[in-house]
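Just so we're aligned: the sequence shown equals residues 47 to 470 in the numbering used here.
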Amino acid sequence: MADYRQMWSDLGMDLEKHDILCEVLPDAFGGVYLSQENRPEGMDYFNFVVAEIHGVRPAELIEHQQKGGKVFGTFCVYVPDEIIFAAGGIATGLCGGSQFWVPGGEKVLPANTCPLIKASVGARLDGTCPFFQIADMYIGETTCDGKKKAWEILNQDVPVYVMDLPQMKREKDLQAWEEEIKSLMQKVEEVTGNKITIEVLAENIKLINKKRNALARLYALRKTSPVPISGKDALLITQIAFYDDPGRFTDQLNLLCDELDKRVSNGEGVFPADAPRIMITGTPMAIPNWKLHHVVETLGAAVVVEELCTGVRYFENPVDQSGSSLDEQVQYLAERYMKTNCACFTPNPGRIEDIMRLAEEYRIDGIIDCNLQFCGLYSTESYLVQQAVKKAGIPVMHIETDYSEQDFEQMRTRVEAFLEMLEK
Ligand code: BJ8
47 MADYRQMWSD LGMDLEKHDI LCEVLPDAFG GVYLSQENRP EGMDYFNFVV AEIHGVRPAE
107 LIEHQQKGGK VFGTFCVYVP DEIIFAAGGI ATGLCGGSQF WVPGGEKVLP ANTCPLIKAS
167 VGARLDGTCP FFQIADMYIG ETTCDGKKKA WEILNQDVPV YVMDLPQMKR EKDLQAWEEE
227 IKSLMQKVEE VTGNKITIEV LAENIKLINK KRNALARLYA LRKTSPVPIS GKDALLITQI
287 AFYDDPGRFT DQLNLLCDEL DKRVSNGEGV FPADAPRIMI TGTPMAIPNW KLHHVVETLG
347 AAVVVEELCT GVRYFENPVD QSGSSLDEQV QYLAERYMKT NCACFTPNPG RIEDIMRLAE
407 EYRIDGIIDC NLQFCGLYST ESYLVQQAVK KAGIPVMHIE TDYSEQDFEQ MRTRVEAFLE
467 MLEK
C-alpha cells in the first residue's frame with residue numbers, strides 16, 4: 047500500500063494500533079485469495095481495491111469533503127443509497143468484519159453482543175479505520191436491539207441519524223417506510239445543503255440499479271456448471287460494492303463478467319463440474335470476513351450463491367425507474383427496499399421463499415445456514431429455515447460463529463463431514 051500515514055494521522059487515527067492491522071491484512075488476503083488457482087484476470091481491479099483498502103477510497107472521500115461534499119456511513123441494506131447520492135453525498139458501508147476491532151467494541155458493549163456490532167463500534171472508538179473516521183454522519187436503523195443501542199453510544203462520538211424500520215410488512219408499514227425515506231431525504235438535504243430534485247433522484251436510481259444489474263449478471267454466471275468464478279471472489283466483489291465508487295465498480299464488474307462469459311462458453315471453471323454446489327444463508331459477512339467461504343472452498347466444494355445481505359439481498363429487485371414525481375420515486379424506493387427479507391421482520395416467509403427459489407435456480411446440493419454468534423434474530427429464524435429446507439429434501443447444516451480463528455478447525459471438521467454426506 048502507498049504511504050497514507052499523513053492522511054490517517056490527520057483523521058486522528060491511532061497509527062500504532064492501525065499498523066498492526068496493516069501488517070496482518072496482506073497475509074490474510076494472500077492466504078485466502080491469492081492462493082486460489084485460475085482466478086479471472088478481471089479480479090485484478092478488486093485485488094487492488096482491497097490492497098489499498100485504507101488508502102485510495104478514503105482519499106477520494108476526503109477529496110469529496112474538501113470540495114464541500116458530505117460522506118454518510120451506513121450499516122444496513124435497507125438504507126437507500128439513492129437518496130444520499132442524489133443529495134450530492136457519498137454513501138459508504140461501514141460494517142466491521144474483523145476480529146481486530148472486536149476488543150474495542152467490548153470495552154463499551156456487553157460481551158454477548160454480535161461481533162458485527164462490536165467490530166463496528168470498536169473500529170470507530172479505537173480510531174483504526176479511516177472510513178469510520180471520515181464519515182460526517184452515520185445512518186443507523188432499528189433492525190435489531192444491539193444496533194439500536196449501539197447507535198446511542200456511537201452518537202456520543204459522531205452524529206448518528208436513525209431510520210425507524212418497520213418490523214412487519216403490512217400496508218401501513220410500507221407507508222411508514224415511505225415516510226422514513228422522506229425524513230431521511232430531509233436530513234440529508236439539511237446536512238449537504240443540496241435539494242433533491244426529480245431529475246437528480248432519477249439519475250441516481252439508475253446509477254444504483256446499474257450496480258445491481260452488474261451484480262445480478264455476476265450471480266447469473268454462477269448458476270452455470272462448472273462455475274467460472276469462486277464463491278470467495280464473488281463474496282469479495284459484493285463486499286467491495288458497499289464502499290467503492292458505484293459507477294467505477296459497475297464498469298469493472300461488467301468487464302469481469304465479459305471475461306466470465308467467455309469462460310462459460312469455453313466450459314472453463316474454477317471447480318470441477320461435479321463439485322458440490324453450496325448456498326450460504328444467514329447473517330452478513332462484512333469485509334474481511336471470508337472464513338466460511340474459505341473453509342468450504344478449500345474442501346473442494348463451490349459456494350455458488352449467498353442468501354445474505356452481502357449477497358442477493360443487496361442487489362435483487364431493482365427500483366422501478368418510472369417515477370414521475372418525488373412522491374412516486376420515494377414510493378418505488380420504499381417498495382423495493384421492503385422486498386428485502388431480513389430476519390428482523392415478523393413474520394418473514396419471504397426469506398424462506400427466497401432460499402427455496404435460489405436452491406432451484408442455482409441447483410444447490412446443500413445449504414449452510416450460518417449466523418454470527420449472539421444474533422438472536424437469525425439464530426431463532428434458523429429453526430424455520432431448516433424445517434422448510436429439510437422438508438424440501440435439501441441437506442442443511444447450521445453454523446454459529448464469530449470473527450475469531452478459534453473455531454476454524456472445528457468448522458472445517460463439521461463442513462467436511464457435511465460435504466462427505468452430500469457425496470454419498
Ligand atoms: S438487512 S441482516 S444488514 S439488519 S448480525 S447486527 S441483525 S445481531 S446485520 Fe443486518 Fe440489515 Fe438485516 Fe441485513 Fe443485528 Fe444480527 Fe448482528 Fe445483524
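By construction, the Cβ of each residue, glycine as well, lies at the ideal position given by its N, Cα and C atoms.
Distance, Cα to Cα, Ser271 vs Leu230?
Within the sequence shown, the letter at position 225 stands for residue 271. Within the sequence shown, the letter at position 184 stands for residue 230. Cα to Cα, the separation comes out at about 43 angstroms.
Kindly say whether Leu299, judged by its beta-carbon, lies nearer than 9 angstroms to any beta-carbon of chain D.
The structure shown contains no chain D; it is built from a single protein chain.
Since Glu314 is in the alpha helix (DSSP H), which residue starts that stretch and which ends it?
Along the sequence shown, one-based indexing puts residue 314 at 268. No alpha helix (DSSP H) holds Glu314; DSSP gives it neither H nor E.
Consult DSSP for His444 and reduce its assignment to one of helix, strand or coil.
For the purposes of this step, residue 444 is identified with residue 398 of the sequence shown, where counting begins at 1. Correct three-state label for His444: strand.
Can you check the stretch 247-317 for any beta strand (DSSP E) of at least 3 residues that lies completely inside it and give the ranges in chain order?
none
Have a look at Trp54, Arg323, Pro441 and flag the residue whose alpha-carbon is nearest the alpha-carbon of Ala105.
In the sequence shown, counting from the first residue as 1, residue 105 sits at position 59. Comparing Cα positions, the closest option is Trp54.
Rounded separation between Leu306 and Val273 - CA only:
Position 260 of the sequence shown, counted from the first residue, corresponds to residue 306. Position 227 of the sequence shown, counted from the first residue, corresponds to residue 273. One C-alpha to the other measures close to 9 angstroms.
To which residues of the same chain is Gly315 closer than 6 angstroms at the C-beta, ignoring the five residues directly before and after it?
Within the sequence shown, numbered from 1, the residue matching residue 315 stands at position 269. Excluding positions up to five away in sequence, the list reads Pro272, Val273, Pro274.
For Lys228, the nearest candidate out of Arg460, Arg323, Asn250, Leu372 (CA to CA):
For the purposes of this step, residue 228 is taken as residue 182 along the sequence shown, with counting starting at 1. Among Arg460, Arg323, Asn250, Leu372, the Cα nearest to that of Lys228 belongs to Leu372.
Per the contact definition of three or more C-beta pairs closer than 8 angstroms, is the stretch 377-396 in contact with the stretch 352-366?
yes
If you draw a straight line from the C-alpha of Ile324 to the C-alpha of Ile445, how long is it?
Reading the sequence shown from its first residue, position 278 is the one you call residue 324. Reading the sequence shown from its first residue, position 399 is the one you call residue 445. Taking the straight line from one Cα to the other gives about 14 angstroms.
Alpha carbon to alpha carbon, how far is Phe121 from His423? Give it in angstroms, no decimals.
Here residue 423 refers to the residue found at position 377 when the sequence shown is read from its first residue. Here residue 121 refers to the residue found at position 75 when the sequence shown is read from its first residue. Looking at the sequence provided, one finds Leu at residue 423 rather than His. Their Cα atoms are separated by approximately 16 angstroms.
Would the C-beta of Val123 count as close to the ligand BJ8, meaning under 8 angstroms from any of its heavy atoms?
Position 77 of the sequence shown, counted from the start, is the residue given in the question as residue 123. True, at least one ligand heavy atom lies under 8 angstroms from that Cβ.
With Val351 as the anchor, note down where its beta strand (DSSP E) starts and where it stops.
As a first step, residue 351 is located in the sequence shown; it is residue number 305 there, counting from the start. 348-353 is the extent of the beta strand (DSSP E) around Val351.
If we require 4 or more residues per run, which alpha helix (DSSP H) segments fall completely within the stretch 140-223?
148-152, 161-172, 176-180, 191-200
Along the chain, where does the beta strand (DSSP E) containing Ile99 start, and where does it finish?
Here residue 99 refers to the residue found at position 53 when the sequence shown is read from its first residue. Taken as a continuous stretch (DSSP letters only), Ile99 belongs to no beta strand (DSSP E), as it is neither H nor E.
Per DSSP, Asp415 is paired with what?
Within the sequence shown, residue 415 is the residue found at index 369, counting from 1. In the DSSP output, where bridge partners are listed per residue, Asp415 has Thr327, His444.
Please go through the same chain and pick out, in chain order, the residues whose beta-carbon is closer than 6 angstroms to the beta-carbon of Tyr408, but skip the five residues on each side of it.
As a first step, residue 408 is located in the sequence shown; it is residue number 362 there, counting from the start. Hits under 6 angstroms: Lys269, Val350, Val351.
By the 10 Å Cβ neighbour count, where 16 or more other Cβ atoms means buried, how is Thr426 classified, buried or exposed?
The residue labelled residue 426 in the question sits at position 380 within the sequence shown. By the neighbour-count rule (16 or more Cβ atoms within 10 Å), Thr426 is not buried but exposed.
Confirm the yes/no value for this check: CB of Pro330, any heavy atom of the ligand BJ8, distance under 8 angstroms.
Translated into positions along the sequence shown, residue 330 becomes position 284. Under cutoff, so the answer is yes.
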